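Engineer: Protein chains in written order, with the UniProt record's numbering: chain A, 1 to 406; chain B, 1 to 416.
Glycine residues also receive a C-beta, built at the ideal position from the N, C-alpha and C atoms.
Please read all numbers here as calculations on a predicted model, not as lab measurements.
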Amino acid sequence: MSELATRTAVTATPVKAPAKSLRWLKLAAWLAVLVVLLALPLYLQAEWLKAGQWMMTGAVGAIGLTMLVGQAGQLSLAHAFFLLAGGTTYTVLASGTEDGRVVGFGLDPLLSLLIAVAFTALLGLAFAPVSGRLRGIYLGVASLSLVFLGLYFGQSADRLTGGTSTGRTPAPFALFGFTFDSSGSLQILGVPIRQAEKMWYLYLALTVIAFVLARGAVNSRVGRSWRAVRDHEASAAAMGVNVARAKAGAFAVSSAYAGLAGAMTVLWFDILKPDENEFGTYGINVSIAYLAMVIIGGLGSIGGALVGALIVFGLPQVLSLYSTQLGIFTGSGEGAFTPVLVSTFVYGAAIILVVLFEPGGLAAIGRRITGSLHRDRKKEGTLDETAAFPGPRGDADHRRVRHQGG
Amino acid sequence: MKQRLSLALAAMLIIAACGTKAGESGSSGSDASGVKTDFGVTASDITLGVMTDMTGPFKNLSIGITHGNQLWVNDFNAAGGVCGRKVGLQVVDHAYKADQAKTLYPQLEPKVLGFVQVVGSPIMAALKQNIQSDKVTTTPASWSSELLDNPYVMIVGTTYDVEMIDGMSYLQDQGMIKDGDTVGHIYIEGEYGANGLRGSRYYAQQHHLNLREVKITSSDNDLTNIVTGLRGEGVKAIMLTTTPAQTGSVAAANKALGLNVPLLGNNPTYDPVLLNSPAANALDRLYVVASSVPYSADIPKAKEVSSKYKAAAFPEPPNAGVDYGYAVAEVWGTVLKKACDNKDLTRDGILRALQQTTSADTGNLVAALDFSKAGAPPTRQVYVAQADATVEGGIKYVKPLFEAPEAKGYVAPHQK
């Protein structure tokens, strides 16, 4: 506990000049990534953009889950339920009533999106009596019940979801009258900006907002209280952290992220269609896929969640696009190697390797690389001893605390 | 370091300025003979798309359909093609996953004139908006009448609801059920089951039948307790809109419990694989209704397709998908020829040609089809067939093509 206190103190001290230059370098690297992401629609064909949007949808959901599982230490398998809740809320609010089968309010899409996020946060909060009392695998199993509740809800509330038979079409997203479809004759560098390109920028904006907010939460008081509760509830309470509140808050925030990812899922598919059985778009398999992203990326690491989403949601997409282009994995029938199968193997293997050899996940590997960069600079004598931690700030420190303190 | 970064940024800007994907969009216009074209048509070729399931849960049927499509393409090109062009297929495998289909679609769509095959109702649901906005005529390998609200959807054969109505009238004609009886219907939650149920509800209402509806999910595989329950209700027949495995379970329970009532299944409920299962001996009470013929059908066209299938030496054993796939493509051939006569091989031209198709003949592989009425199934005729291990393809006719009077009066959900 004292370690945690000192660690917090260290991160709070004003950072010395050389570390500041490193921080600037990191910021520059993130900016470079952002510039590349902004430029991609000018080069990539629509199908690659579509795949990219799917990865960003996964990234938003995974950021939410990594805060809950990694930072606050609460295992949840309910993510798919909140995806369905968010997608349904958005669709019901934003879609009109022209189809008499279903209920619709025809609200502004942006407003609908915000309400959907707020509503899923409230749903997560409503689960607090359960999430506050249970921990570990017990909480995981309890939260799994929500997925089955979602399955039942999707099938029976067909006035809201459109039913498993036909589903319903969500209103296309629009921002202050600017619609995200193929209309208009906007061009950038001679590239017509149509639906695929517009949606890319929308998803990128949502992902960046989700990312920045999550970084903020993790590096603030809120994040510290989550980690304190994760590491030791009693000592957290002794330090003045309201444990019940911290736990409920983490669940609410994570649910809100899942709600946003759910609305993104619905917009990506152009349809809200509840599952016919437990293995669908909002089924157990999806909950597990999100957990896999979080584990591969490194529990609690926001950047790691992005990379995890890239692997778990991106790999099947990229492989199947390449396989049709290059004619690989074109077997058929029994025992054929398919993109889906290959990517399942890859991410299954990634989980095992991560758990066995690098429990910190890809994020820890990333930190080691930046850490070695640090050491090089130390040799040059530009960095003083006190700032020479392998992970300069953020979640790495807290993980080390956890490893030592159990 | 600042220098390095600014260099990198400058380099990125330079790359951005040249070599974007600008100006790569498709061309449209008309060729020397005045035939208008846009997507998927060149001076020498017409490309049709196939989005199928070669490795997922419906691979047997899908591979059969794809082979059927290909056999037709070979025949059609050997006969000279259409408008001086040969037809080719572009095949992709989505493994019955909607998210994969959603990304494969934009890759394939700009290269094809239309889709001769899109497997699966979840995939059709996810692509519905795209098909409409891209105006690309599509044949789904899914027979729900709910799909017919989209003018670009061309269903070859009748729909699940009409199959049920025709089938129940067959049972009544044969004296197996009568007005006022109690009958059961076991159906899978989802588009397939809901559409089948729509038909049995309609028929039950017409004949004052007491319909017991039992909803299951596609992952339930032991239905013994459901059949026990239906026995308690005193049902005289059981309708099935289920998977083949579930059909086998119901048939076995029907026999084992001594209920022995007739079973009536939609066309996907039967798979010849059932003949190798423990339920094989219980299938004698199962009647299957379908509008495309079984593989071993005793009609000249089916025999022709069968001999071509053998000659092509495909590794997979044949199933009813082969004839269906051939028939679907044959309908496409009719539409292409009509579009060619109209001198319009654009996507709009294909839709117009489809709506002008009031009689598409497939040599009786499928009942005669009429696509001119929006929202209505193109045919209401079905065959009734029974399982038979002694014939190739495992199924034989008990009643040739017919249309029940009840089916004639039935209004499909999107019928105008």
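Which chain B residues sit within Cβ distance under 8 Å of residue 271 of chain A?
Structural biologist: One-based indexing of the first sequence puts residue 271 of chain A at position 271. Ordered by position in chain B, the residues that pass the 8 Å Cβ test against residue 271 of chain A are 125, 126, 128 and 129.
Engineer: Determine the closest residue to residue 363 of chain A out of A:312, A:326, A:303 and A:345, with distance taken between C-alpha atoms.
Structural biologist: Residue numbering aside, residue 363 of chain A sits at position 363 when the first sequence is read from its first letter. It is A:303.
Engineer: Using beta carbons (cut-off 7 Å, strictly below), is residue 190 of chain B in contact with chain A?
Structural biologist: For the purposes of this step, residue 190 of chain B is identified with residue 190 of the second sequence, where counting begins at 1. For residue 190 of chain B, the answer is yes, since a Cβ of chain A falls inside 7 Å of its Cβ.
Engineer: What span of residues does the alpha helix (DSSP H) with residue 59 of chain B cover, start to end?
Structural biologist: Counting from one through the second sequence, the residue named residue 59 of chain B turns up at place 59. Looking at the DSSP string, the run of the alpha helix (DSSP H) that includes residue 59 of chain B is 59–78.
Engineer: Can you give me the Cβ contacts of residue 305 of chain B inside the same chain, cut-off strictly under 8 Å, excluding the 5 residues immediately before and after it?
Structural biologist: One-based indexing of the second sequence puts residue 305 of chain B at position 305. Closer than 8 Å at the Cβ level, and outside the excluded window around residue 305 of chain B, lie 68, 71, 322, 323, 326 and 365.
Engineer: How big is the Cα-Cα spacing for residue 107 of chain A and residue 197 of chain B?
Structural biologist: Within the first sequence, the letter at position 107 stands for residue 107 of chain A. Within the second sequence, the letter at position 197 stands for residue 197 of chain B. Roughly 35 Å between the two C-alpha positions.
Engineer: Could you check the C-alpha separation between residue 334 of chain B and residue 354 of chain B for me, to the nearest Å?
Structural biologist: Locating residue 334 of chain B in the second sequence gives position 334, where the first residue counts as 1. Locating residue 354 of chain B in the second sequence gives position 354, where the first residue counts as 1. Roughly 9 Å between the two C-alpha positions.
Engineer: Quick check on residue 290 of chain B: buried or exposed, where buried means 16 or more other Cβ atoms within 10 Å of its Cβ?
Structural biologist: Working through the second sequence from its first residue, we reach residue 290 of chain B at position 290. So residue 290 of chain B counts as buried.
Engineer: Assign residue 283 of chain B to buried or exposed, taking buried as 16 or more other Cβ atoms, counted over all protein chains shown, within 10 Å of its Cβ.
Structural biologist: The residue given as residue 283 of chain B occupies position 283 in the second sequence. Result: buried.
Engineer: Assign residue 54 of chain A to one of two classes, buried (16 or more other C-beta atoms within 10 Å of its C-beta) or exposed (fewer than that).
Structural biologist: Counted from its first residue, the first sequence places residue 54 of chain A at position 54. With 16 or more Cβ atoms within 10 Å of its Cβ, residue 54 of chain A is classed as buried.
Engineer: Per DSSP, what kind of secondary structure is residue 505 of chain B in: helix, strand or coil?
Structural biologist: Residue numbering for chain B in the displayed model covers 1 to 416; residue 505 of chain B lies beyond these limits and cannot be assessed.
Engineer: Spell out whether any CB of chain B is found under 7 Å from the CB atom of residue 308 of chain A.
Structural biologist: Taking the first residue of the first sequence as position 1, residue 308 of chain A is located at position 308. It does not: the Cβ of residue 308 of chain A has no partner Cβ on chain B nearer than 7 Å.
Engineer: Measure from the C-beta of residue 106 of chain B to each C-beta in chain A and report whether the shortest distance is under 7 Å.
Structural biologist: As a working mapping, residue 106 of chain B is identified with position 106 in the second sequence. Taking Cβ atoms only, chain A reaches closer than 7 Å to residue 106 of chain B, which makes this a yes.
Engineer: Determine the extent of the beta strand (DSSP E) in which residue 280 of chain B is found, giving its start and end residues.
Structural biologist: What you label residue 280 of chain B is simply residue 280 of the second sequence in a count that begins at 1. Neither: residue 280 of chain B is in no beta strand (DSSP E) and is coded neither H nor E.
Engineer: If I follow the unbroken alpha helix (DSSP H) through residue 504 of chain B, where does it start and stop?
Structural biologist: With chain B represented from 1 up to 416, any question about residue 504 of chain B goes unanswered, as that position is not in the structure.
Engineer: Going by alpha carbons, who is nearest to residue 279 of chain A out of B:62, B:66 and B:97?
Structural biologist: Counting from one through the first sequence, the residue named residue 279 of chain A turns up at place 279. Closest option to residue 279 of chain A, Cα to Cα, is B:97.
Engineer: Do you know how far the Cα of residue 156 of chain A is from the Cα of residue 237 of chain B?
Structural biologist: Start at 1 with the first residue of the second sequence, and residue 237 of chain B comes out as number 237. Start at 1 with the first residue of the first sequence, and residue 156 of chain A comes out as number 156. Taking the straight line joining both Cα atoms gives about 27 Å.
Engineer: Among the candidates A:50, A:73, A:344 and A:30, whose CA atom is the shortest distance from the CA of residue 299 of chain A?
Structural biologist: Stepping through the first sequence from its first residue, residue 299 of chain A is reached at position 299. The candidate whose alpha carbon is nearest that of residue 299 of chain A is A:73.
Engineer: Can you list the residues of chain B that residue 277 of chain A reaches, using a CB-CB cut of under 7 Å?
Structural biologist: Position 277 of the first sequence holds residue 277 of chain A. In chain order: 217, 218 and 219.
Engineer: May I ask you to verify whether the stretch 254–274 of chain A touches the stretch 47–63 of chain A, counting CB pairs closer than 8 Å and requiring at least 3?
Structural biologist: yes
Engineer: Report all residues from its chain with a CB closer than 8 Å to the CB of residue 295 of chain A; omit the five preceding and five following residues, and keep chain order.
Structural biologist: As a working note, residue 295 of chain A is residue 295 in the first sequence. These residues qualify, in order along the chain: 308, 351, 354, 355 and 361.
Engineer: Give me the chain B residues within the contact set of residue 54 of chain A, using Cβ-Cβ distance strictly less than 9 Å, ordered along the chain.
Structural biologist: Within the first sequence, residue 54 of chain A is the residue found at index 54, counting from 1. Going along chain B in sequence order, the residues near residue 54 of chain A (Cβ under 9 Å) are 99, 102 and 103.
Engineer: I'd like to confirm the pairing. Which residues does DSSP put opposite residue 241 of chain B in its beta bridges?
Structural biologist: The count along the second sequence starts at 1 and reaches residue 241 of chain B at position 241. Per DSSP, B:187.
Engineer: Taking buried to mean at least 16 other C-beta atoms within 10 Å of its own C-beta, is residue 319 of chain B buried or exposed?
Structural biologist: The residue given as residue 319 of chain B occupies position 319 in the second sequence. With 16 or more Cβ atoms within 10 Å of its Cβ, residue 319 of chain B is classed as buried.
Engineer: Between residue 379 of chain B and chain A, is there a C-beta pair that is closer than 7 Å?
Structural biologist: Here residue 379 of chain B refers to the residue found at position 379 of the second sequence. No, no contact with chain A.
Engineer: Output the distance between the C-alpha atoms of residue 222 of chain A and residue 29 of chain A, rounded to the nearest integer angstrom.
Structural biologist: Against the first sequence, residue 222 of chain A aligns to sequence position 222. Against the first sequence, residue 29 of chain A aligns to sequence position 29. Approximately 26 Å, taken between the alpha carbons.
Engineer: Return no unless some Cβ of chain B is closer than 7 Å to the Cβ of residue 400 of chain A.
Structural biologist: Translated into the one-based positions of the first sequence, residue 400 of chain A becomes position 400. Its pLDDT being 40, under 50, residue 400 of chain A is placed unreliably in this model, and the value from its coordinates should be taken loosely. Not an interface residue.
Engineer: Helix or strand or just coil, what does DSSP make of residue 186 of chain A?
Structural biologist: Position 186 of the first sequence, counted from the start, is the residue given in the question as residue 186 of chain A. Coil at residue 186 of chain A, not helix or strand.
Engineer: With a cut-off of 8 Å, do at least 3 Cβ pairs link the stretch 272–286 of chain B to the stretch 369–376 of chain B?
Structural biologist: no
Engineer: Taking C-beta to C-beta, are residue 263 of chain B and residue 231 of chain B nearer than 7 Å?
Structural biologist: As a working mapping, residue 263 of chain B is identified with position 263 in the second sequence. As a working mapping, residue 231 of chain B is identified with position 231 in the second sequence. It is not a contact, given that the beta carbons lie outside the stated cut-off.
Engineer: For residue 298 of chain A, would you say it is in contact with chain B, using Cβ-to-Cβ distances shorter than 7 Å as the test?
Structural biologist: Locating residue 298 of chain A in the first sequence gives position 298, counting from the first residue. No, no contact with chain B.
Engineer: Roughly how many angstroms lie between the CA atoms of residue 170 of chain A and residue 86 of chain A, to the nearest whole one?
Structural biologist: For the purposes of this step, residue 170 of chain A is identified with residue 170 of the first sequence, where counting begins at 1. For the purposes of this step, residue 86 of chain A is identified with residue 86 of the first sequence, where counting begins at 1. Going from the Cα of residue 170 of chain A to the Cα of residue 86 of chain A covers about 12 Å.
Engineer: Tell me which residues share the same chain as residue 64 of chain B and place their Cβ nearer than 8 Å to its Cβ, disregarding the 5 neighbours each side in the sequence.
Structural biologist: Counting from 1 along the second sequence, the entry for residue 64 of chain B is found at position 64. Result list for residue 64 of chain B: 316, 318, 319, 320, 321, 322, 324 and 325, in chain order.
Engineer: According to the neighbour-count rule (16 or more other Cβ atoms, all chains shown, within 10 Å of its Cβ), is residue 382 of chain A buried or exposed?
Structural biologist: The sequence position of residue 382 of chain A within the first sequence is 382, counting from 1. Because residue 382 of chain A sits at a pLDDT of 39, beneath the cut-off of 50, its placement in the model cannot be relied upon, and the point is left open.
Engineer: By the criterion of Cβ-Cβ separation under 8 Å, what are the contact partners of residue 196 of chain A in chain B?
Structural biologist: Along the first sequence, read from residue 1 onward, the residue named residue 196 of chain A stands at position 196. What residue 196 of chain A touches in chain B: 106.
Engineer: Classify residue 474 of chain B: buried if its beta carbon has 16 or more other beta carbons within 10 angstroms, exposed otherwise.
Structural biologist: What the structure shows of chain B is the stretch from 1 to 416, and residue 474 of chain B is not part of that stretch, so it cannot be assessed.
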